[in-house]
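Visitor: Submitted below is the structure of interest, expressed as structure tokens.
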Amino acid sequence: MAFEGACAQVEKQCYTKKEFADIEIELYEKTINRGFMFGYLPFPSVMFCGALAEKSITIDPSGDVHKCWNFIGDHNNRVGELMNHGIQFNHTYARWKEYDPYTNSTCKECDIFPLCTGGCPYNILVLGQAPQNNCIPWKWNLDRVVNLAYESGGDMPSSEHHQDHKLS
Ligand code: SF4
Ligand code: SF4
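Following my numbering, the numbering of the sequence shown begins with 360 at its first residue and continues without gaps.
Okay, here's the thing in structure tokens:
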């Protein structure tokens with residue numbers, strides 16, 4: 360993924376996604392060793408983030424409507440405006456509405472689809488990221504995450520329990 364703006368200055372100091380996936384496991388192990396509960400079992404999801412849900416929007420203080428919260432305060436990239444009679448969407452909204460990670464052959468053939476469901480849509484739609492570069496740590500550490508959950512006794516089948524105790 361290409362870093363933009365201020366982040367571009369620290370790109371070389373950042374971990375690759377694979378490196379981060381390894382370090383994430385080390386950090387999970389440290390928290391477990393210090394007595395924290397690990398109850399984060401991966402689960403399939405129909406979409407990666409709420410920004411893709413039709414009824415999910417973010418409204419900033421100026422009344423601009425966004426899908427992804429990365430755009431808060433970015434007037435030029437709003438997907439609509441809050442009006443007295445409701446929300447007036449513009450043409451940018453269609454980009455989000457029409458995005459369908461299930462049409463991506465790379466992701467559909469991926470071992471962990473639909474646990475990941477194509478990753479962050481902002482990276483794809485806005486930054487032009489290729490799907491194979493939009494992977495999340497589970498791509499490299501899923502087996503270790505599941506083993507940690509098993510070994511630490513963190514098998515939590517209910518979503519309510521999952522939300523209460525997840526570590527990431
Ligand atoms: S940055 Fe990505 S994951 Fe976060 S809200 Fe925006 S689209 Fe969703
Ligand atoms: S891990 Fe990567 S290739 Fe697999 S579904 Fe997620 S984004 Fe697509």
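All residues carry an ideal CB built from backbone N, CA and C; glycine is no exception. If you're wondering where the values come from, they're calculated on a predicted model, not measured in any experiment.
#1: With DSSP as the reference, please indicate the residues paired to Glu-440 in a beta bridge.
#2: Below 8 angstroms on the Cβ atoms is my guess for Asn-500 versus Gly-477; work out the distance and round it to an integer in Å.
#3: Using only the heavy atoms of ligand 1, determine whether one of them is closer than 6 angstroms to the beta carbon of Pro-490.
#4: Looking at the strands, I want to know which residues DSSP matches up with Thr-417.
#5: Rounded to whole angstroms, what is the Cα-Cα separation between Ser-517 and Gln-368?
#6: Quick one, which of Asn-392, Cys-427, Glu-388 has its alpha-carbon nearest Phe-407's?
#7: Quick one: what does DSSP say Leu-400 is sitting in, helix, strand or coil?
#8: If you draw a straight line from the C-alpha of Cys-366 to the C-alpha of Asp-419, how long is it?
#9: Hey, is Asn-435 close to ligand 1, as in C-beta under 6 angstroms from one of its heavy atoms?
#10: Could you check if Asn-493 belongs to the surroundings of ligand 2, using beta carbon to heavy atom distance under 6 angstroms?
#11: Which one of Val-485, Ile-471, Asn-492, Ile-483 has the shortest CA to CA distance from Val-505?
#12: With a 10 Å radius around its C-beta and 16 neighbouring C-beta atoms as the bar for buried, classify Gly-439 as buried or exposed.
#13: Apart from the five residues just before and just after His-425, which ones in its own chain have a Cβ nearer than 8 angstroms to its Cβ?
#14: Grab me the residues of Ala-380's own chain with a C-beta within less than 6 angstroms of its C-beta, minus the 5 sequence neighbours each way, in chain order.
#15: What separation, rounded to the nearest whole angstrom, lies between the Cα atoms of Arg-503 and Lys-371?
#16: Hey, how far is the Cα of Cys-373 from the Cα of Glu-385?
#17: Ends of the alpha helix (DSSP H) at Glu-388?
Guide: Straight from the coordinates:
#1: Glu-440 pairs with Asp-423, Gln-447.
#2: About 18 angstroms separates the beta carbons of Asn-500 and Gly-477, which is beyond the 8 angstroms limit, so they are not a contact pair.
#3: The answer is no for Pro-490.
#4: BP columns for Thr-417 point to His-425.
#5: Because the pLDDT of Ser-517 is 40, which lies under 50, any placement of that residue in the model is unreliable, and the question is left without a value.
#6: The shortest Cα separation from Phe-407 among Asn-392, Cys-427, Glu-388 belongs to Cys-427.
#7: In the structure shown, the three-state DSSP call for Leu-400 is coil.
#8: The alpha-carbon atoms of Cys-366 and Asp-419 are separated by roughly 23 angstroms.
#9: The answer is no for Asn-435.
#10: Correct: Asn-493 has its Cβ closer than 6 angstroms to ligand 2.
#11: Residue Ile-471 is the option with its Cα nearest to Val-505.
#12: Residue burial annotation: Gly-439 is buried, with at least 16 other C-beta atoms found within 10 angstroms of its C-beta.
#13: Once the five neighbours on either side are set aside, the close Cβ partners of His-425 are Ile-416, Thr-417, Ile-418, Asp-419, Ile-431, Asp-433, Asn-436, Arg-437, Val-438.
#14: Counting only Cβ-Cβ distances below 6 angstroms, and skipping sequence neighbours, we find Pro-496, Trp-499, Asn-500.
#15: Whole-angstrom Cα-Cα distance: 27 angstroms.
#16: One C-alpha to the other measures close to 17 angstroms.
#17: 376-392 is the extent of the alpha helix (DSSP H) around Glu-388.
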